[in-house]
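If you read the protein sequences in the order shown, they are chains A and B. Heads up: the first sequence is residues 1 to 115, going by my numbering. Heads up: the second sequence is residues 1 to 111, going by my numbering. Heads up, the beta-carbon is just placed ideally off N, CA and C, and yes, glycines get one too.
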Amino acid sequence: NAGVTQTPKFQVLKTGQSMTLQCAQDMNHNSMYWYRQDPGMGLRLIYYSASEGTTDKGEVPNGYNVSRLNKREFSLRLESAAPSQTSVYFCASRNLRDQLNTEAFFGQGTRLTVV
Amino acid sequence: LAKTTQPISMDSYEGQEVNITCSHNNIATNDYITWYQQFPSQGPRFIIQGYKTKVTNEVASLFIPADRKSSTLSLPRVSLSDTAVYYCLVGPNYGNNRLAFGKGNQVVVIP
Numbered sequence: 001n002a003g004v005t006q007t008p009k010f011q012v013l014k015t016g017q018s019m020t021l022q023c024a025q026d027m028n029h030n031s032m033y034w035y036r037q038d039p040g041m042g043l044r045l046i047y048y049s050a051s052e053g054t055t056d057k058g059e060v061p062n063g064y065n066v067s068r069l070n071k072r073e074f075s076l077r078l079e080s081a082a083p084s085q086t087s088v089y090f091c092a093s094r095n096l097r098d099q100l101n102t103e104a105f106f107g108q109g110t111r112l113t114v115v
Numbered sequence: 001l002a003k004t005t006q007p008i009s010m011d012s013y014e015g016q017e018v019n020i021t022c023s024h025n026n027i028a029t030n031d032y033i034t035w036y037q038q039f040p041s042q043g044p045r046f047i048i049q050g051y052k053t054k055v056t057n058e059v060a061s062l063f064i065p066a067d068r069k070s071s072t073l074s075l076p077r078v079s080l081s082d083t084a085v086y087y088c089l090v091g092p093n094y095g096n097n098r099l100a101f102g103k104g105n106q107v108v109v110i111p
């Protein structure tokens, strides 16, 4: 059982280049999330998807786009990378239900450097 | 999501019980209280979730007073491997789907 898988694990981009971070989960979860984490900071929500076909902005959406391709996959795209987007990116998923222990599962992260 | 307030950091000695507090004064009736743990270079991991009173699992205990305006995560007899950032989240388990983390509480366990 792989859980949440992110690709790639590491990436170096030049300013202005574009790329897509991939995330896939095999737990049949309805909700998926993208976060960024900078040194000494907590996780900041970029975008989330409550269910297949829906996406919503989080705290820091500028410079990013997302696609909920199907129930399993939620991708994050940087159209024109900037040095300020150098960060570690985490994807997560969970099932919302009105009961205890609706825990979120996280991927191992993608470490992105923009030079 | 209800806003939470946690200390930025704390130190504890190995073998001691560690109590980590979180304030959430504007918690709503439908909100649950959830704690996550994050080790360096890893994604957060779910520890425990509760609604009221006390919840215990194999990892930790969660104490929630009757007014639910705060909560305390208790880690028994910590070891060096418990050094991590601990996040307190408050929100419903349905409806509003945002899962917003704050800066968390850096706990350092000292030998």
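Kindly indicate the opening and closing residues of the beta strand (DSSP E) around residue i.
{"i": "B/Tyr87", "result": "84–91"}
{"i": "B/Val59", "result": "First-last for B/Val59: undefined, no H or E at that position."}
{"i": "A/Leu45", "result": "43–49"}
{"i": "A/Tyr89", "result": "87–94"}
{"i": "A/Tyr35", "result": "31–37"}
{"i": "A/Ala104", "result": "Segment: none, A/Ala104 is in no beta strand (DSSP E) and carries neither H nor E."}
{"i": "B/Asp11", "result": "9–13"}
{"i": "B/Asn105", "result": "105–110"}
{"i": "A/Met19", "result": "19–25"}
Just how far apart, CA to CA, sit residue i and residue j?
{"i": "A/Asn75", "j": "B/Gln16", "result": "In the sequence on display, residue 75 of chain A carries Ser and not Asn. When rounded, the distance between both Cα atoms is 43 angstroms."}
{"i": "A/Ala2", "j": "A/Gln25", "result": "8 angstroms"}
{"i": "A/Arg111", "j": "A/Phe90", "result": "9 angstroms"}
{"i": "A/Gly63", "j": "A/Met19", "result": "12 angstroms"}
{"i": "A/Thr106", "j": "B/Val109", "result": "This sequence places Phe at residue 106 of chain A; Thr is not what is there. Their backbone Cα atoms lie some 24 angstroms apart in a straight line."}
{"i": "A/Leu69", "j": "A/Glu52", "result": "8 angstroms"}
{"i": "B/Pro40", "j": "B/Val107", "result": "12 angstroms"}
{"i": "A/Ala82", "j": "A/Leu21", "result": "15 angstroms"}
{"i": "A/Arg72", "j": "B/Tyr94", "result": "20 angstroms"}
{"i": "A/Thr86", "j": "A/Gly16", "result": "13 angstroms"}
{"i": "A/Thr190", "j": "A/His29", "result": "Because residue 190 of chain A is not part of the residues shown, which for chain A are 1 to 115, the question remains open."}
{"i": "B/Lys54", "j": "B/Ser61", "result": "7 angstroms"}
{"i": "A/Val115", "j": "A/Val4", "result": "28 angstroms"}
{"i": "B/Pro76", "j": "B/Thr83", "result": "13 angstroms"}
Go ahead and label residue i buried or exposed: buried means 16 or more other beta carbons lie within 10 angstroms of its beta carbon, across all protein chains shown.
{"i": "B/Leu80", "result": "exposed"}
{"i": "A/Tyr35", "result": "buried"}
{"i": "B/Pro44", "result": "buried"}
{"i": "B/Ile64", "result": "buried"}
{"i": "A/Asp38", "result": "exposed"}
{"i": "B/Asp31", "result": "buried"}
{"i": "B/Ile48", "result": "buried"}
{"i": "B/Thr4", "result": "buried"}
{"i": "B/Ile8", "result": "exposed"}
{"i": "A/Thr118", "result": "Examination of residue 118 of chain A is not possible in this model, given that chain A is present from 1 through 115 alone."}
{"i": "B/Asn19", "result": "exposed"}
(message) Three or more C-beta pairs under 8 angstroms: does that hold for the segment 32–41 of chain B against the segment 80–93 of chain B?
(response) yes
(request) Kindly confirm or deny that the segment 62–77 of chain B and the segment 24–34 of chain B touch, where touching means at least three C-beta pairs closer than 8 angstroms. (result) yes
(request) Count the CB pairs spanning the segment 28–44 of chain A and the segment 52–61 of chain A that are closer than 8 angstroms, and state whether there are at least three. (result) yes
(request) Please name the residues in the segment 23–34 of chain A whose beta-carbon is closer than 8 angstroms to at least one beta-carbon of chain B, in chain order. (result) Ser31, Tyr33
(request) Using a Cβ-Cβ cut-off of less than 9 angstroms, list which residues of the segment 64–84 of chain A approach chain B; keep chain order. (result) none
(request) Determine which residues of the segment 16–46 of chain B have a Cβ less than 9 angstroms from any Cβ of chain A, and write them out in chain order. (result) Asn30, Tyr32, Thr34, Tyr36, Gln38, Ser41, Gln42, Gly43, Pro44, Arg45, Phe46
(request) Return the residues of the segment 101–114 of chain A that lie within a Cβ-Cβ distance of less than 7 angstroms from chain B, sorted by chain order. (result) Asn101, Thr102, Glu103, Ala104, Phe106, Gly107, Gln108, Gly109
(request) Note down, in chain order, all residues in the segment 44–56 of chain A with a beta-carbon under 7 angstroms from any beta-carbon belonging to chain B. (result) Leu45, Tyr48, Ala50
(request) Output, in sequence order along the chain, the residues in the segment 97–111 of chain B whose CB is closer than 7 angstroms to any CB in chain A. (result) Asn97, Arg98, Leu99, Ala100, Phe101, Gly102, Lys103, Gly104
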